[in-house]
Structure formats: C-alpha cells, structure tokens
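Undergrad:
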Amino acid sequence: QPITLSPEEFFPQWKALNVQNLKVQEVVKGVKPLPLPEIASLFMSLHLAVAPGLDNNPNNLVACTTFFSETTRAMLCLVRIETDPQDRTQLRLTVASGDQYLTFELKEYIKEHLIDIPRVQTASPPVPVQPQLPPAAVPATYNDPGAMLAGLL
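Sequential numbering of the sequence shown, starting at 1, is according to this note's numbering.
Spelled out as structure tokens, the structure:
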C-alpha cells in the first residue's frame with residue numbers, strides 16, 4: 001500500500017536499513033528509455049507512493065510503500081531510482097525494507113517493469129482450413145417413392 005513519508009520520517013528509516021541484504025542496489029541496463037514523470041506513473045501503478053523533493057537531484061526518484069503479508073506486520077519499503085539524463089537506458093535501483101527476501105523480490109518486481117523486453121511480432125500460424133465434405137450421399141431408397149412406401153409396410 002502506498003505511503004507518503006516526510007523527510008524527517010524517510011531519512012532515519014533509509015539510514016537504519018543500511019544493512020547488508022536489507023538494502024540492495026543494482027545498476028539496471030536495458031531499461032525502457034522513459035522520462036522521469038513516466039517512471040513516476042509506473043511506480044504509482046505498482047502501488048508505490050512517489051515522494052517528490054526527498055532527493056535533491058532532479059534526475060532521481062524516491063518512492064515508499066508498505067507491504068502486508070499473513071506472517072509479517074506492515075513492512076515499510078523504500079525505493080530510490082537514480083537516472084542519467086544522458087543515458088535513459090540504464091539506471092541505479094536501490095530498494096530497502098526490514099526483510100531481505102521482501103527487499104530482493106521488490107527489486108526484481110520493479111526491474112521487470114523497467115526493463116525493455118523486445119517483443120518479436122510473429123505472424124500467427126495459419127488456421128488449417130477444414131475440407132468441406134460433400135453432402136452425404138442420400139441412399140436411392142429415400143428418393144424412390146415406391147421404396148419409401150415399401151419401407152412403411
């Protein structure tokens with residue numbers, strides 16, 4: 001669930017999660033070359049609340065969400081994207097949460113939505129045409145009125 005944090009709430013959490021596996025960072029290549037507002041829209045569609053102004057760099061984006069599961073309480077998740085305006089096909093993605101597995105899976109989930117996977121347009125295979133069977137041959141007895149009457153007797 002998206003959550004909005006003030007700088008006073010965000011930065012202590014960000015620093016507290018600076019533990020191996022609770023905060024993971026990856027340079028992601030092959031990214032769809034999206035402008036920052038479109039990345040923000042993508043994040044909102046993934047239920048991440050974009051927090052404008054938390055990062056002083058206008059090329060970066062910060063987002064927050066909480067994750068609920070059957071076994072854990074609401075878990076705060078923090079995300080930071082650092083983009084290079086000269087090369088929009090790569091970025092640095094940092095994800096942090098109180099659970100190493102959640103951190104990893106959220107990072108992978110976001111990556112899946114950022115990476116540009118070429119889709120090969122293939123022609124669908126032709127649908128085989130079913131041969132039209134000639135109408136079933138009607139036995140001659142059905143065309144002969146005498147034979148039809150004989151069948152009634």
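Here a beta-carbon is modelled for each residue, glycine too, at the ideal position from N, C-alpha and C.
Under a three-way DSSP split, which group does THR71 fall into?
TA: Locating residue 71 in the sequence shown gives position 71, counting from the first residue. Coil.
Undergrad: Tell me which residues share the same chain as ALA49 and place their Cβ nearer than 7 Å to its Cβ, disregarding the 5 neighbours each side in the sequence.
TA: Position 49 of the sequence shown holds residue 49. Contacts found: PRO2, ILE3, THR4, ALA63, CYS64, THR65.
Undergrad: What three-state label does DSSP hand ILE39 in the structure shown?
TA: As a working mapping, residue 39 is identified with position 39 in the sequence shown. Helix at ILE39.
Undergrad: From the DSSP secondary-structure annotation, give me the bridge partner or partners of LEU76.
TA: What you label residue 76 is simply residue 76 of the sequence shown in a count that begins at 1. THR66, per the DSSP bridge assignment.
Undergrad: Among ARG80, SER45, GLN20, which one has its Cα closest to the Cα of PRO185?
TA: What the structure shows of the chain is the stretch from 1 to 153, and residue 185 is not part of that stretch, so it cannot be assessed.
Undergrad: Looking at the structure shown, is ALA51 part of a helix, part of a strand, or coil, going by DSSP?
TA: Within the sequence shown, residue 51 is the residue found at index 51, counting from 1. Coil, per DSSP.
Undergrad: Pop quiz: GLN86 and LYS29 are said to be a contact at Cβ under 8 Å. What is the actual Cβ separation, rounded to whole angstroms?
TA: For the purposes of this step, residue 86 is taken as the residue at position 86 of the sequence shown. For the purposes of this step, residue 29 is taken as the residue at position 29 of the sequence shown. Not quite, the Cβ-Cβ distance comes to about 14 Å (not below 8 Å), so this is no contact.
Undergrad: Looking at the structure shown, is LEU93 part of a helix, part of a strand, or coil, going by DSSP?
TA: Along the sequence shown, one-based indexing puts residue 93 at 93. Looking at LEU93 - three-state DSSP - the assignment turns out to be strand.
Undergrad: Distance, Cα to Cα, GLN20 vs VAL95?
TA: Counting from 1 along the sequence shown, the entry for residue 20 is found at position 20. Counting from 1 along the sequence shown, the entry for residue 95 is found at position 95. C-alpha separation (whole angstroms): 12 Å.
Undergrad: When the Cβ atoms of the segment 25-41 are set against those of the segment 100-117, are three or more pairs found closer than 8 Å?
TA: Contact between the segment 25-41 and the segment 100-117 is present, because at least three Cβ pairs lie under 8 Å.
Undergrad: Between which two residues does the alpha helix (DSSP H) carrying LYS111 extend?
TA: Numbered from its first residue, the sequence shown carries residue 111 at position 111. Per DSSP, LYS111 belongs to the alpha helix (DSSP H) from 100-114.
Undergrad: Please tell me whether SER40 and LEU61 are closer than 8 Å, where the distance is taken between their beta carbons.
TA: As a first step, residue 40 is located in the sequence shown; it is residue number 40 there, counting from the start. As a first step, residue 61 is located in the sequence shown; it is residue number 61 there, counting from the start. Correcting the residue identity first, residue 40 is Ala in this sequence and not Ser. Going by C-beta atoms, ALA40 is nearer than 8 Å to LEU61.
Undergrad: Nearest by alpha-carbon distance to GLU82: which of LEU17, GLN13, LEU36 is it?
TA: To locate residue 82, count along the sequence shown from 1; it is residue 82. Ranking LEU17, GLN13, LEU36 by Cα distance to GLU82 puts LEU36 first.
Undergrad: By alpha-carbon positions, which one of GLY98, ARG88, ALA16 ends up nearest to ALA74?
TA: On the sequence shown, residue 74 is found 74 positions in, with the first residue counted as 1. The option with the nearest alpha carbon to ALA74 is GLY98.
Undergrad: What is the DSSP secondary structure of PRO2, counted as helix, strand or coil?
TA: Taking the sequence shown and counting its residues from 1, the one referred to as residue 2 is at position 2. Correct three-state label for PRO2: strand.
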